[in-house]
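For the sequence shown, the tail end lands on 868 under numbering that gives the first Met the number 0, and the numbers increase by one without skipping.
Don't be surprised by glycine CBs; every beta carbon is placed ideally from N, CA and C.
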Amino acid sequence: MKSYASSSFATSIGISPEMCTCVSTPGTIERYYGGEQPSGTTRARTPMKKSIQHGLILAILTCLLALSASTHAATGTSMPTFVHPVLTIPRIDVEGYGSLSLRLVLENEATLTFAIAEAAAAGTGLSPGATFNLQTQTLDIPVVQVGAEFYHVQLRLLPGDKFQVSLADAAAFAGQATYNAQCATCHGSDGLGGSIGISLKNCATCSSASVLSAKINDTMPFGNPSACVGTCAADIAAYILTVFNASTGQQASAVLQAIDTMPLATTLRNASLQLVSRLPTAAEETLVSQQGENGLRQALDGMMKEEAFYDRLSEIFNDMLHTNRYLSTNGAEAALQLMRRFPNARWFDPGVDQRGTDYQFNRITTNNSVATEPLELINHVVRNDLPMTEILTADYFMVNGYSAKSYGISNVQFTNEWDANEFRPARLTNTPHAGVLSSLMFLNRYPTSATNRNRARSRVVYDLFLDVDILALDGERPDGTAVDISSPSPTLDNPDCVKCHSLLDPVASSFRSWNLRGVYTPNAAWYTDMLQAGFASDVFPVTSNADELQWLTAQLVEDPRFDDAMVRIVFNGLTGQEPLDPPGEDATTAERDAWLAQSAHLDEIKAVYVADNRNLKTLVTELVLSPYWRAEGLNDTAFALVHEETGAARLLTPEMLHRRIEALFGFQWRGPLDQYATNRNVFSTARLLDSRLYYQQIYGGIDSFAITERLSDPNGLMVFVQERMANEMACYGVPNDFLASAAQRRLFPHVTTTTDLTSGQGQEAVRRNIQHLHRYLLGEELALTDAEIEHSYALFATVLQDGRAALASNAESSALPARCMRNNSLLTGASLNVSGGTDGRLRNDPDYTIRAWMAVVAYLLSDYRFIYA
Numbered sequence: 000m001k002s003y004a005s006s007s008f009a010t011s012i013g014i015s016p017e018m019c020t021c022v023s024t025p026g027t028i029e030r031y032y033g034g035e036q037p038s039g040t041t042r043a044r045t046p047m048k049k050s051i052q053h054g055l056i057l058a059i060l061t062c063l064l065a066l067s068a069s070t071h072a073a074t075g076t077s078m079p080t081f082v083h084p085v086l087t088i089p090r091i092d093v094e095g096y097g098s099l100s101l102r103l104v105l106e107n108e109a110t111l112t113f114a115i116a117e118a119a120a121a122g123t124g125l126s127p128g129a130t131f132n133l134q135t136q137t138l139d140i141p142v143v144q145v146g147a148e149f150y151h152v153q154l155r156l157l158p159g160d161k162f163q164v165s166l167a168d169a170a171a172f173a174g175q176a177t178y179n180a181q182c183a184t185c186h187g188s189d190g191l192g193g194s195i196g197i198s199l200k201n202c203a204t205c206s207s208a209s210v211l212s213a214k215i216n217d218t219m220p221f222g223n224p225s226a227c228v229g230t231c232a233a234d235i236a237a238y239i240l241t242v243f244n245a246s247t248g249q250q251a252s253a254v255l256q257a258i259d260t261m262p263l264a265t266t267l268r269n270a271s272l273q274l275v276s277r278l279p280t281a282a283e284e285t286l287v288s289q290q291g292e293n294g295l296r297q298a299l300d301g302m303m304k305e306e307a308f309y310d311r312l313s314e315i316f317n318d319m320l321h322t323n324r325y326l327s328t329n330g331a332e333a334a335l336q337l338m339r340r341f342p343n344a345r346w347f348d349p350g351v352d353q354r355g356t357d358y359q360f361n362r363i364t365t366n367n368s369v370a371t372e373p374l375e376l377i378n379h380v381v382r383n384d385l386p387m388t389e390i391l392t393a394d395y396f397m398v399n400g401y402s403a404k405s406y407g408i409s410n411v412q413f414t415n416e417w418d419a420n421e422f423r424p425a426r427l428t429n430t431p432h433a434g435v436l437s438s439l440m441f442l443n444r445y446p447t448s449a450t451n452r453n454r455a456r457s458r459v460v461y462d463l464f465l466d467v468d469i470l471a472l473d474g475e476r477p478d479g480t481a482v483d484i485s486s487p488s489p490t491l492d493n494p495d496c497v498k499c500h501s502l503l504d505p506v507a508s509s510f511r512s513w514n515l516r517g518v519y520t521p522n523a524a525w526y527t528d529m530l531q532a533g534f535a536s537d538v539f540p541v542t543s544n545a546d547e548l549q550w551l552t553a554q555l556v557e558d559p560r561f562d563d564a565m566v567r568i569v570f571n572g573l574t575g576q577e578p579l580d581p582p583g584e585d586a587t588t589a590e591r592d593a594w595l596a597q598s599a600h601l602d603e604i605k606a607v608y609v610a611d612n613r614n615l616k617t618l619v620t621e622l623v624l625s626p627y628w629r630a631e632g633l634n635d636t637a638f639a640l641v642h643e644e645t646g647a648a649r650l651l652t653p654e655m656l657h658r659r660i661e662a663l664f665g666f667q668w669r670g671p672l673d674q675y676a677t678n679r680n681v682f683s684t685a686r687l688l689d690s691r692l693y694y695q696q697i698y699g700g701i702d703s704f705a706i707t708e709r710l711s712d713p714n715g716l717m718v719f720v721q722e723r724m725a726n727e728m729a730c731y732g733v734p735n736d737f738l739a740s741a742a743q744r745r746l747f748p749h750v751t752t753t754t755d756l757t758s759g760q761g762q763e764a765v766r767r768n769i770q771h772l773h774r775y776l777l778g779e780e781l782a783l784t785d786a787e788i789e790h791s792y793a794l795f796a797t798v799l800q801d802g803r804a805a806l807a808s809n810a811e812s813s814a815l816p817a818r819c820m821r822n823n824s825l826l827t828g829a830s831l832n833v834s835g836g837t838d839g840r841l842r843n844d845p846d847y848t849i850r851a852w853m854a855v856v857a858y859l860l861s862d863y864r865f866i867y868a
């Protein structure tokens, strides 16, 4: 048969004799067609008087329909593709009979003949990519992707189960050239996201041609929507839907199913420690044990009503906003210094000569109350189950009794005005509040100047609330030679400048009434040589009664990317990782599959969150239950490369480790416990919170000022901090636990300092206590005979033996190290040696038992399971 394939197609598929490999295995098909029909199958509807080729296709279909769903094709896209030497067709429809998937291998390059390599039932989620005509024996593929090119290909079925190309013409997409010229910079030539990572795979407006066409017609390209309207918009929409939005559901499902997730009980423990800094209660454990995932959802819902959850939520959002730069740790009055226009800002200061003992407390508390206002607004929205859109659209801000006095607000009622944790909504007179964006802290954290003109603020708005990195846009930056900026208004008339400034400047101009200090100045003049207030293709209506910034926030929350930004922030907060970036054009298949699967799954979670009135608690719950947070391994090593970045294992931040220690030991890491009653109220004694005397920044923390990015991989200094923590906490925690009664002990419920280790009963008690320590400190459920238990037991026995030998030779004292001794009450600081009563101190370790247990506890606290989440 003569081939009518174009020479360009032959060139595109990379024909060369040395690359051709035939992997066709038609024998099975031939045996079935020839009469060796597998037992239990039928040939229902198979015409008896057809050609052998006709019967081949029907035989394949009949066979596949009789098999289980496990034979479905592994690919997840409907677009047929050729990657030398394999032509993959995910779904072929045979009219009246069904659909199948084929993989064909180029067998003869001279004649463009393919052999069948694999046949499978087509996935139900795939749209048709080809049709087979039984009468003409022709396989028609309207669009085959070959690299960056597309072809319309027809193949004839030949005797011997071969397919030969009979037609191959370049596929013409009316919108392709325009897309490449106007859209590819942002969205990528493959639709997976270009310089600013906006993917068109399963995009929010890709639900139908009419919806997508309308979006393009009204708003695209950014800054110049009139450049593509009507037919142009419709053609680009058709191109996007045809080329980029073939179904990926099946492949995404396979990628996710390869993940082994941690048991629900383990998920409960990990979620409890991360979200509310405590171990699960017995009631929560029972709830999960009896009701499974539904019980876990109820437990999570209860946790998100606790105040500790909002401490964690503030950390998550501050890692993005960095408004904690104004806490008193960065200057006693770092926030109050920004309130010069408020005469009562320093209400707590009666004058140097009249300051009382509460002056310093009121000073620090007031400053921090002002500094945390934007984070308290977010907490207020979440606590009250309000939609997250209100963090931008709120026409109020948050004050407590301390900050209300500084702002001069007297019309807010507090249950207790001296409770620093009681924040209430309030309004400033003649100030159009616009959520976080009009916050004094936000506006000062991201200041402006006469030359910047709010563009820095605009960039942050795009980054934080639309998940768009403006600085990643392709294009030349003015360096004196690359871009001509000689015109009077290059940001208006130079295409190289307009590319970025058409996005930046309308948002920047929307801040026109808020000056460099964050003060509302509605009558201030504004620049005419830049785009005026607006968003996307919309211009602020001069007849609007709203302030420009209020109008802007209403536009922002209607943009689908606002929801993407919320998913990104919470995903990052819970996993310690950014969602995967859209793969570039040179990405590997594994990288593409990883991104497509994660993107599809996060889109599903986003849809649930949006449907629940954008309640952030729903988003947190869905992410905690997702395989990306619960991943603990793979059940299919074929997906190892795809899941190289999967998992929520993260180094605990200094704050999280600080709280984990307190949750498990009952006290914080602040030095010897004899001074704890005093030290617990002194911020600078917290080893993991203070950066001046101790380890907060050494251990990868941030101050939201000079240091704004957390370290996620430990360095040498951080390892030293981990080792010091393990040794000190063992030194403090073991004697402290033995002071308590057996029923109240956290660490040693099964042993005492006098447990007889020479008896079998005593040795079993030690093993049971080691088993308890592994469970309590590391969350490990281990059998008594587990190798890990044996390792820990061997450590205990060795240290005990060596220590007793040292005691016998007077190489060591029977007294505990001085910093490990317990002389005073943990809570009151009073002496444990009560005059005329019992001496409750713990100073000696005559059998070396306490120090042997210290070694075991230090060993476990050094384990990665303790310092990672």
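- Ranking L841, F570 and A829 by CA distance to the CA of L615 puts F570 first.
- A buried status is given to T490, since no fewer than 16 other beta-carbon atoms sit within 10 Å of its beta-carbon.
- Pairing E577 with R560, the inter-Cα distance amounts to about 16 Å.
- Judged by DSSP in its simplified three-state form, R840 adopts coil rather than helix or strand.
- As the crow flies, the alpha-carbon of N843 is around 6 Å from that of S813.
- Taking C-alpha positions only, E603 is separated from N612 by approximately 15 Å.
- Here L860 really is in contact with A729; their C-beta atoms are around 6 Å apart, less than 8 Å.
- Comparing alpha carbon positions, the residue from K214, T241, S512 and I239 closest to G229 is K214.
- In summary, A370 is buried, with 16 or more beta-carbon neighbours lying within 10 Å of its beta-carbon over all protein chains present.
- DSSP lists V145 as the bridge partner or partners of E148.
- With the rule of 3 Cβ pairs closer than 8 Å, the segment 527 to 545 counts as touching the segment 499 to 516.
- Residues of the same chain with a CB within less than 7 Å of the CB of C227, apart from the 5 flanking positions on each side, are T177, Q181, I215, M219, P220 and I235 in chain order.
- For L103, the beta-bridge partners assigned by DSSP are L86 and I115.
- A contact between stretches requires three or more CB pairs, one per stretch, nearer than 8 Å, and the segment 672 to 686 meets this requirement with the segment 820 to 837.
- For the 8 Å CB-CB criterion, H321 and S703 form a contact.
- By the C-beta density criterion, R340 is exposed, having fewer than 16 other C-beta atoms within 10 angstroms.
- Counting only runs of 4+ residues, the alpha helix (DSSP H) found wholly inside the segment 608 to 669 occupies 615 to 624, 626 to 629 and 653 to 664, in chain order.
- It is roughly 38 Å from the alpha-carbon of A183 to the alpha-carbon of N634.
- For V275, the enclosing alpha helix (DSSP H) covers residues L263 to V275.
- DSSP places R821 within a strand segment (E or B) once states are collapsed to three.
- For L312, the uninterrupted alpha helix (DSSP H) segment begins and ends at E306 to L320.
- Its chain contains I195, S457, R458, Y461, D462, C499, L502 and L503 as the residues whose beta carbon lies nearer than 8 Å to that of I469, once the 5 sequence neighbours on both sides are disregarded; these appear in chain order.
- Burial is judged here by how many other beta carbons sit within 10 angstroms of a residue's own beta carbon; E375 has at least 16 and is buried.
- Residue pairing by DSSP puts T260 in a beta bridge opposite A630.
- Taking C-beta atoms as the reference points, V398 and F422 count as a pair closer than 8 Å.
- A distance below 8 Å separates the beta carbons of A647 and L573.
- Excluding sequence positions up to five before and after Y395, its CB lies within less than 7 Å of the CB of P424, A425, R426 and H432, all in the same chain and listed in chain order.
- Contact between L555 and F534 holds: CB atoms are separated by about 7 Å, below the 8 Å threshold.
- The bridge partners DSSP lists for S98 are D92.
- Between Q153 and L138, the CB-CB gap stays under 8 Å.
- Taking the Cα of V856 as reference, the smallest distance to any Cα among T328, E722 and Q175 is reached at E722.
- CA-to-CA, the gap between S512 and L391 works out to about 17 Å.
- Contact between the segment 404 to 414 and the segment 622 to 632 is absent: fewer than three C-beta pairs spanning the two stretches fall below 8 Å.
- Measuring C-alpha to C-alpha distances from D585 to each of V104, A129, A120 and S188 identifies S188 as the nearest.
- Of the residues assessed, R691 falls on the exposed side of the cut-off, its CB having fewer than 16 other CB atoms within 10 angstroms.
- Residue state for A814 is assigned as strand, using DSSP reduced to three classes.
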